[in-house]
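So the number in my numbering is just where the residue sits in the sequence shown, counting from 1, plus 1.
Yeah, the Cβ is synthetic: ideal placement off N, Cα and C, and Gly gets one too.
One structure is given below, encoded as structure tokens.
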Amino acid sequence: MKIFSTLFIFLALLITIGYTACNTATDNTPVISAGFDSTYRPPDTSKIPNDKFGEMVRYGRNLMLNTAYYIGPEGKNGQYLGNKMNCTNCHQDAGTKPYAFSLMLSHEHYPQYRAREAKVLSLAERVNNCVMRPHSGRPLPLDSKEMLAFLSYFKWINSQVKPEDRNMNGFQNLTITFSPRAGDPEKGQKLYTEKCLRCHGEDGAGVFKPGNGGYLYPPLWGEFGYQPGSSMHRVIKQARWLKANMPNDQATYFKPILTDEEAIDIASFINDDRIHKRPSPKTIDYPFPAEKAIDYGHAPFADTFSEMQHKFGPFQPIIDYWKKNGLKPSY
Ligand code: HEC
Ligand code: HEC
Numbered sequence: 002m003k004i005f006s007t008l009f010i011f012l013a014l015l016i017t018i019g020y021t022a023c024n025t026a027t028d029n030t031p032v033i034s035a036g037f038d039s040t041y042r043p044p045d046t047s048k049i050p051n052d053k054f055g056e057m058v059r060y061g062r063n064l065m066l067n068t069a070y071y072i073g074p075e076g077k078n079g080q081y082l083g084n085k086m087n088c089t090n091c092h093q094d095a096g097t098k099p100y101a102f103s104l105m106l107s108h109e110h111y112p113q114y115r116a117r118e119a120k121v122l123s124l125a126e127r128v129n130n131c132v133m134r135p136h137s138g139r140p141l142p143l144d145s146k147e148m149l150a151f152l153s154y155f156k157w158i159n160s161q162v163k164p165e166d167r168n169m170n171g172f173q174n175l176t177i178t179f180s181p182r183a184g185d186p187e188k189g190q191k192l193y194t195e196k197c198l199r200c201h202g203e204d205g206a207g208v209f210k211p212g213n214g215g216y217l218y219p220p221l222w223g224e225f226g227y228q229p230g231s232s233m234h235r236v237i238k239q240a241r242w243l244k245a246n247m248p249n250d251q252a253t254y255f256k257p258i259l260t261d262e263e264a265i266d267i268a269s270f271i272n273d274d275r276i277h278k279r280p281s282p283k284t285i286d287y288p289f290p291a292e293k294a295i296d297y298g299h300a301p302f303a304d305t306f307s308e309m310q311h312k313f314g315p316f317q318p319i320i321d322y323w324k325k326n327g328l329k330p331s332y
């Protein structure tokens with residue numbers, strides 16, 4: 002008992018230190034205290050059981066890593082995706098990396114009410130949203146081997162979450178503070194040229210891996226990039242991910258390269274539909290404006306701010322307005 006309570010106090014202390022570090026951090030300083038998220042280790046894949054369930058888990062993990070090879074436009078086991086990105090391009094390390102749209106808790110978070118559809122979705126239906134939007138694909142049949150493999154994999158990684166990691170920040174997205182000014186696509190373009198172009202290319206089209214294995218550097222816009230209806234197309238959502246993860250060979254969530262403002266500017270440039278074309282969306286709009294993510298730039302809104310402000314910011318006045326009016330802003 003004594004050991005447990007000592008451990009508890011120790012953990013509580015670490016959490017407090019973690020939060021303090023987050024709150025006082027200025028741009029570019031490490032935002033995460035060592036000793037909290039730093040103790041996290043991704044699941045040990047050698048522990049995947051050697052039985053029928055384990056076989057599906059392994060296939061699910063392979064699908065995350067080599068999505069295009071198995072179910073891409075020329076997929077070996079079925080042609081579902083409309084492009085050759087792999088799930089792991091966004092859900093890095095097959096969904097196990099902190100602050101990279103982690104999927105470690107997804108299995109226990111579904112079924113879940115989704116404001117986007119104003120419906121309760123199963124995890125399988127949520128998987129299909131990503132198959133359809135970022136991958137411009139057609140939905141996997143719910144009873145297909147591939148869908149069952151994804152779900153088995155999510156169930157298994159969820160079972161590997163250690164009790165001490167359960168409340169880890171990295172299962173959510175990195176928090177960023179909002180600049181008083183709007184995201185600036187022109188500034189974003191300059192930053193893109195400096196920090197991103199060497200991999201993702203001048204035309205944002207990325208670089209293919211030889212063969213059918215997807216991309217060395219995935220596309221950011223153009224006909225093979227994610228659709229406008231994807232969450233990655235939202236400026237805040239993308240900026241939080243960029244700060245923790247890009248440039249891919251330099252940034253870590255402990256030591257980001259981009260400042261909060263730079264991440265917002267670059268996300269504004271990448272996601273500016275006046276500059277960049279994307280596949281046409283087949284999107285379902287939030288039926289209830291008061292449930293709409295604040296950085297979703299399509300009217301009608303539950304407030305008086307313009308589409309431009311919802312898309313690029315400044316975001317804080319919108320958040321403040323929502324809170325003042327008893328609404329719950331999500332972003
Ligand atoms: C272009 C980036 C991108 C790609 C590629 C992508 N996703 Fe996603 N996915 C996202 C974003 C963004 C979210 C929302 C994350 C959030 O709200 O924090 C998401 C959410 C999800 C969720 C819901 C997680 C939860 O707990 O609510 C699942 C499951 C998922 N994706 C599975 C997949 C699978 C499987 C693939 C490959 C077939 C895939 N995704 C490909 C960007 C992507
Ligand atoms: C060293 C090469 C490199 C640099 C530089 C780089 N990236 Fe990436 N980027 C990658 C790779 C590789 C992936 C896929 C990651 C994976 O599969 O784990 C990726 C994935 C992405 C994705 C998600 C997938 C997609 O295509 O939509 C976005 C968005 C992105 N990068 C934006 C940026 C931005 C913005 C910068 C500049 C701040 C940048 N990257 C710099 C290599 C790079």
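By the neighbour-count criterion, in which 16 or more other beta carbons inside 10 Å mark a residue as buried, R134 falls on the buried side. In the DSSP assignment, R115 falls within the unbroken beta strand (DSSP E) covering Q113 to R115. In the structure shown, Y297 falls within a coil segment according to DSSP collapsed to helix, strand and coil.
Distance check between P301 and each of V128, S160, D286 and S107 places D286 closest, using alpha-carbon atoms only. Taken in chain order, the complete alpha helix (DSSP H) segments of 4 or more residues contained in the stretch 136 to 160 are 146 to 160. As computed with DSSP, L122 is found in a beta bridge with Q113.
Taking C-beta atoms as the reference points, E75 and N213 count as a pair closer than 8 Å. About 6 Å separates the beta carbon of I295 from that of F316, a gap short enough to meet the 8 Å contact definition. As the crow flies, the alpha-carbon of G205 is around 5 Å from that of L221. Between the C-alpha atoms of F289 and G96 there is a straight-line separation of about 30 Å. When the beta-carbon positions are compared, A183 and G314 come within less than 8 Å of each other. Here G327 is exposed, its C-beta having fewer than 16 other C-beta atoms within 10 Å.
For the pair M65 and Y154, the CB atoms are nearer than the 8 Å cut-off. A buried status is given to P186, since no fewer than 16 other beta-carbon atoms sit within 10 Å of its beta-carbon. Between A268 and A245, the C-beta spacing is not below 8 Å. Spanning the alpha carbons of A150 and Q93 requires a straight line of approximately 18 Å. Not one heavy atom of ligand 1 falls within 7 Å of the beta-carbon of F225.
Bridge pairing for F209: Y216 [DSSP]. Inter-segment contact for the stretch 217 to 233 and the stretch 271 to 281 is present: three or more beta-carbon pairs are separated by less than 8 Å.
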